[in-house]
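Protein chains in written order, with the numbering used here: chain A, 14 to 177; chain B, 2 to 113.
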C-alpha cells in the first residue's frame with residue numbers, strides 16, 4: 014500500500030504537481046469558514062472540475078463546517094483549530110474534518126430528514142437543512158468521536174476515473 | 002450587506018450586491034431586509050442575480066424574511082443563479098416562493 018498522496022497519478026496530475034492530499038487549518042468562526050472554503054477551491058483548481066461540481070463540494074463542506082462552528086463550538090474555544098484534509102482517489106474526493114469541540118448529540122450526526130414544508134408560512138422551517146444537504150449530496154458519511162476529537166469523513170463522487 | 006433598493010411598478014425591488022448569502026452574513030441579511038422593508042407596504046422582489054453561493058443559513062434567512070413580511074406582504078424571488086436554484090430545489094423550498102427567472106419577468110409576471 015502506497016502512502017496516500019504518493020500513489021501514481023494520471024498524466025494530468027503528476028505527484029509533483031498534485032495538491033493532494035491537502036490540509037487546511039483554521040479557527041472556529043464563520044468568517045474563517047468562508048476563507049477556508051476559498052482555500053479548498055484553490056486546492057481543487059488543478060482538477061479543472063465543472064463549476065457545478067465545485068459548487069457542490071463547497072456547499073457540502075460549508076454545511077459541515079458551519080455546523081461545527083455553530084454547535085460543536087457553541088462555547089468558543091479560542092485556540093482550537095478545525096482541520097479539513099482533502100484527498101483525491103479513484104472514487105472521488107475524500108474529506109476528513111476534525112475538530113475538538115463538543116460531541117454530536119447521542120454521538121451521531123442528525124438523520125437529516127427532509128424538512129416538512131408547511132402550508133402555513135409562519136410554520137416554515139428556517140433551519141435543519143444542513144444535514145439534509147450533506148446526506149443528499151455526499152456519500153460514505155461517517156462521524157466518530159475519538160477521545161476529545163470529532164472526526165467527520167465524507168466522499169463526493171466527482172472527479173472520478175482520473176487514473177488511466 | 003450591500004443592497005440597492007428601489008421602487009418599480011409598485012414593488013420594492015431589493016437587489017443584492019453580494020456574491021454570497023452564507024452563515025457569515027445571514028444575520029446581516031435579515032437586518033438589511035428588515036430595513037429595506039420598513040418604509041412601505043409593497044410586496045418585495047429580491048433580485049438574486051449576483052448571488053453565486055447560498056448555504057442553508059442563507060436559505061433560512063430568506064425564509065425568515067418571508068415570514069417577517071407575511072401575512073400582508075409577499076417576498077418574490079428573481080434571477081436565481083444555478084447554485085442558488087439548486088439549494089432551493091433540493092430542500093423543496095422552491096415550492097413555497099414565487100420565483101421568476103429575471104427581475105423583468107417578476108415585474109411583468111405580477112401584472113400579467
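All residues carry an ideal CB built from backbone N, CA and C; glycine is no exception.
*residue 60/B: contacting residues in chain A (beta-carbon distance under 8 Å)*: In the second chain, counting from the first residue as 1, residue 60/B sits at position 59. Here the neighbours are 142.
*Tell whether a beta-carbon distance below 9 Å holds between residue 49/B and residue 82/B.*
Numbered from its first residue, the second chain carries residue 49/B at position 48. Numbered from its first residue, the second chain carries residue 82/B at position 81. Going by C-beta atoms, residue 49/B is nearer than 9 Å to residue 82/B.
*Taking residue 64/B as the query, report the chain A residues whose CB atoms sit under 8 Å from its CB, ordered along the chain.*
Taking the first residue of the second chain as 1, we reach residue 64/B at position 63. Correct list: 137, 138, 139.
*Out of curiosity, what's the CA-to-CA distance linking residue 37/A and residue 49/A?*
Within the first chain, the letter at position 24 stands for residue 37/A. Within the first chain, the letter at position 36 stands for residue 49/A. Distance between the alpha carbons of residue 37/A and residue 49/A: 7 Å.
_Validate contact between the region 101-110 of chain A and the region 3-13 of chain B using beta carbons, cut 8 Å, 3 pairs_ = no
*Count the other C-beta atoms from every protein chain shown that fall within 10 angstroms of the C-beta of residue 24/A, then say buried if there are 16 or more, exposed otherwise.*
Looking up residue 24/A in the first chain gives position 11. Because residue 24/A carries a pLDDT of 44, less than 50, the predicted location of this residue cannot be relied on, and no value is offered for it.
*Counting Cβ pairs closer than 8 Å, one from the region 83-96 of chain A and one from the region 33-45 of chain B, do we hit at least three?*
no
*When the Cα of residue 125/A is compared with those of 76/A, 132/A, 86/A, which residue comes out closest?*
Position 112 of the first chain holds residue 125/A. The option with the nearest alpha carbon to residue 125/A is 76/A.
*So which residues of chain A does residue 68/B contact, with C-beta pairs closer than 8 Å?*
Sequence index remark: in the second chain, residue 68/B carries index 67 (1-based). Going along chain A in sequence order, the residues near residue 68/B (Cβ under 8 Å) are 134, 135, 137, 139.
*Inspect the beta-carbon positions of residue 85/A and residue 115/A and report whether they are closer than 9 Å.*
For the purposes of this step, residue 85/A is taken as residue 72 along the first chain, with counting starting at 1. For the purposes of this step, residue 115/A is taken as residue 102 along the first chain, with counting starting at 1. A contact, by the Cβ cut-off of 9 Å.
_Please tell me whether, using a cut-off of 8 Å, the distance from the CB of residue 89/B to the nearest non-hydrogen atom of the ligand COA is below it._
In the structure on display, the ligand COA does not appear, and there are no ligands present to speak of.
*residue 54/B versus chain A: which residues are under 9 Å apart at the beta carbon?*
In the second chain, the residue the question calls residue 54/B occupies position 53. Ordered by position in chain A, the residues that pass the 9 Å Cβ test against residue 54/B are 50, 68, 71, 72, 75.
_Given 8 Å, three or more beta-carbon pairs between the region 128-142 of chain A and the region 13-26 of chain B_ = no
*With DSSP collapsed to three states, give me the class of residue 69/B.*
For the purposes of this step, residue 69/B is taken as the residue at position 68 of the second chain. Residue state, collapsed to three classes: helix.
_Comparing C-alpha positions only, which one of 62/B, 47/B, 29/B sits nearest to residue 75/B?_
If you number the second chain from 1, residue 75/B lands on position 74. The shortest C-alpha separation from residue 75/B is found at 47/B.
*Counting only beta-carbon atoms, is residue 130/A nearer than 9 Å to chain B?*
On the first chain, residue 130/A is found 117 positions in, with the first residue counted as 1. Judged by the 9 Å Cβ criterion, residue 130/A is in contact with chain B.
*Closer than 9 Å, Cβ to Cβ, to anything on chain A: give me those residues from the region 87-111 of chain B, in chain order.*
87, 88, 91, 92, 93, 94, 96, 97
*Use the C-beta contact count for residue 55/A: other C-beta atoms within 10 angstroms, 16 or more gives buried, fewer gives exposed.*
Counted from its first residue, the first chain places residue 55/A at position 42. With fewer than 16 Cβ atoms within 10 Å of its Cβ, residue 55/A is classed as exposed.
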